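Let me begin by presenting the structure, written as structure tokens, before commenting on it.
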Amino acid sequence: MYDITIIGAGIIGSLLAHSLSKFDLKVLVLEKENDVAEGATGANSAMVHSGHDPKPGTLKAKYNLLGNRMFPDLCKQLQVEYVPTGAYVVATSKEEEETMDGLIKNCEDRRIPYEVMDGDTARIHEPNLSDNVTKALSLPTTGIICPWEVTIAAMEEAMLNGVELRLGYKVESIRKQDDRFIVNDDVETKVLVNCAGVHVDDITNMLRVSPYKVEARKGEYFVFDRLNGKYIKHVIYPTPSVKGKGVLAVPTVHENVLLGPNSDFTADKDDNTTSDGLEYIRREINKTMKNIPYNKMIHTFAGLRPHIDLNDFYIQEDDQIENFIHVAGIESPGISSAPAIVKDVVEGIIMPKFAECRAKEEYVHRKPFIDMRKMSDEQINELISKDPDFGKIICRCEKISKGQIKDVINRKCGATTIRGVKMRCRPGMGRCQGGFCEPEVLKILSEQLHQNVEDIKLDKEGSNVFVALAKEDL
Ligand SMILES: Cc1cc2nc3c(=O)[nH]c(=O)nc-3n(C[C@H](O)[C@H](O)[C@H](O)COP(=O)(O)OP(=O)(O)OC[C@H]3O[C@@H](n4cnc5c(N)ncnc54)[C@H](O)[C@@H]3O)c2cc1C
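Using numbering that gives the first Met the number 0, the first residue of the sequence shown is number 0, and each one after it goes up by one.
Given below as structure tokens:
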């Protein structure tokens, strides 16, 4: 029997597993997709908001602020990037300037560092801000991360310390029998944590009538090729409205730029991008930005926010079913809040149930992924002398070697799909979007996993064309 079973391997489930792996506990994570970070965690603006925006008195306000302060140390521990870019919230009218006053009050009340500047001063720092911008609120504690890298790293380290992850495992039934939960008739657990994103209500309904209902709110994006910090240096927010934070311009840790998202309810919890949504982003972004380099646009994507009808995060042990814990309604700022939510769930709800349990004496830390772009020629030569596969470039756009791809496959929580490799070391993230390298990646997966090319699980993006090409090449 497991002590704790976590449903969902997004950033919440994975950080929970990571935190619990420090204790002598038997922990299991169940994930229906064939990799971690395949829900909202894999498709968002990738920002650690400062905490200036959520409504006073909400859990969102509390956890965003605390999470923002925890992120730099968490990223250092997991050996993933955290870049303190800072952000500008910009106003383009008197009404928006008044809305900005409310945000300034939040900053004062929450002790969030800020500075106010006029439009001309802001344009000195960010020359591509629209000429309509009259005022900017600078928020230097805003940061950017790669949310799926944080999630993968957290799960890798959790597994190095004994956590079990079952991928491709969809929770379809749960019953409570005496002091234990039985999931799909084959998992027994004392404590069950529900972090199933847009499906938290479906999970809860398996045990009782859910006290909340989830609606998916879609956000779409344009992705621009690596612009090396030349288009924007800070995150640029418009002044928020009833629909949320609005359409942003965001630099990423990998030097791309994102424009988006929109915010539209969708009945289908697995919905894709639409031309209407992207057109809306093009219109809205013109209010805050100019000189948009559409000729460098390489990709579009969409993510789904798990919005619950209670309009705030819902984080508590169930009031009717002992040992069933809800971590629900984790829409934005869910990434920013994740470390603080997890700390409270672990210290406040889970660990008091295991009062005798002690922290492990020995804890294993993960090693970072090998990033050859950041290495000197001497370091690269040394790597190649140890394994010539580091000299074989597979992805020409992002300059990723066969050695790097082997590394991300042969780890705990390693990649088993084309998309899994792409999310960990980026072949397919560049200008050609995998047109050249995907058959090669498939072949390397087949070699390393000792499977036939046809047997490698195709993910959302993998296609039979690549299977055919990879087979032809063998
Ligand atoms: C467009 C958009 C922009 C955003 N921008 C930001 C931002 O910049 N900053 C920020 O702080 N937040 C942002 N967010 C919010 C953030 O992405 C989410 O709050 C966060 O990723 C939620 O993480 P999670 O682990 O709760 O859920 P998810 O990442 O959705 O994970 C839930 C997991 O549960 C699994 N699951 C579901 N049902 C089952 C089942 N029956 N059996 C097994 N597994 C199951 C799913 O497959 C999924 O992997 C944004 C969200 C969106 C959509």
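Yeah, the Cβ is synthetic: ideal placement off N, Cα and C, and Gly gets one too. Since this is a predicted model, take the numbers as computed values, not measurements.
I'd like to know whether the C-beta atoms of residue i and residue j end up nearer to each other than 8 Å.
i	j	result
A45	V89	no
R418	F368	no
E187	R174	no
I514	I291	In this structure the chain extends from 0 to 473, so residue 514 is not present and cannot be described.
T84	T141	yes
Y62	I340	yes
I3	L19	yes
L24	P338	no
Y211	I307	yes
P305	V197	yes
I408	Q447	yes
M288	S137	no
L478	N33	Lying outside 0 to 473, the shown extent of the chain, residue 478 is not represented and no answer is given.
L226	K268	no
L52	P239	Note that residue 52 is Asp in the sequence shown here, rather than Leu. Yes, Cβ-Cβ distance for D52 and P239 is below 8 Å.
I286	N183	For the record, residue 286 in the displayed sequence is Lys; it is not Ile. Taking 8 Å as the Cβ cut-off, K286 and N183 do not qualify as a contacting pair.
K398	R372	yes
V149	L77	yes
V553	A327	Because the chain in this structure spans residues 0 to 473, residue 553 falls outside the shown range and cannot be described.
I443	T416	no
Y230	V256	yes
W147	G12	no
K31	Y168	yes
F22	K359	yes
N160	Y362	yes
L64	R122	no
Whose C-alpha, out of the options, is nearest the C-alpha of residue i?
i	options	result
S262	K75, V341, T273 and V256	T273
H124	S92, R109, Y87 and M158	Y87
V170	A152, T415 and C194	C194
A248	K242, S240, V213 and L258	L258
I320	E214, L277, S336 and N204	N204
L29	A16, A337, G328 and L441	A16
A157	H364, S240, D117 and S172	H364
D317	V344, M428, K295 and H306	V344
N43	V452, R372, E446 and P260	P260
V252	K93, F323 and I144	I144
G9	E214, A152, D119 and P53	A152
C396	G429, V420, D388 and K373	G429
G243	C356, F223, E453 and G218	G218
Y213	K385, H48 and T265	Here the sequence assigns Val to residue 213, which means Tyr is not the residue at that position. Nearest C-alpha to V213: T265.
L181	V162, I202 and G161	In the sequence under discussion, the amino acid at residue 181 is Ile, which differs from the Leu named in the question. The option with the nearest alpha carbon to I181 is I202.
V190	P426, E361, V420 and F353	F353
A36	H325, L303 and K59	L303
Q176	F323, A327 and G328	F323
D224	I235, G7 and C431	C431
K215	K75, T415, G434 and E330	Residue identity differs from the one stated: residue 215 is Ala in this sequence, not Lys. Among K75, T415, G434 and E330, the Cα nearest to that of A215 is on E330.
K104	V82, K75, G50 and K21	G50
D275	N255, Y293, K286 and T299	T299
N127	I235, Q450, E278 and G7	I235
Y486	P139, F22 and V26	The first residue shown for the chain is 0 and the last is 473, placing residue 486 beyond what the model contains.
D388	E96, G402 and V420	G402
E80	I348, D117, D370 and A414	D370
K366	P237, R410, E107 and E377	R410
Give me the Cβ distance between residue i and residue j, rounded to the nearest whole Å; I'm assuming they're in contact under 8 Å.
i	j	result
T98	T133	T98 to T133, Cβ: 13 Å. No contact.
S400	G66	Actually they are not in contact, since the Cβ atoms of S400 and G66 sit about 35 Å apart, beyond 8 Å.
I393	V440	7 Å
C412	M154	4 Å
I404	P426	7 Å
K75	F312	K75 to F312, Cβ: 26 Å. No contact.
For chain B, is any of its Cβ atoms less than 8 Å away from the one on residue i?
i	result
G228	In the displayed structure, chain B is absent; only one protein chain is listed.
(Q) Threshold first: 3 residues or longer. Then list the beta strand (DSSP E) segments lying entirely within the region 234-305, N to C. (A) 234-237, 247-250, 256-259 and 263-265
**Q.** beta strand (DSSP E) runs contained entirely in the region 147-201, provided each spans 3 or more residues
**A.** 163-165, 173-176, 179-182 and 186-193
Q: Could you pull out every unbroken alpha helix (DSSP H) segment of at least 4 residues lying fully inside the region 77-156, listed in chain order?
A: Entirely contained in the region 77-156, the alpha helix (DSSP H) runs reaching 4 residues are, in chain order, 93-109 and 118-124.
Q: Please go through the region 356-433 and give each complete alpha helix (DSSP H) segment of 4 or more residues, from N-terminal end onward.
A: 376-385, 401-408 and 417-424
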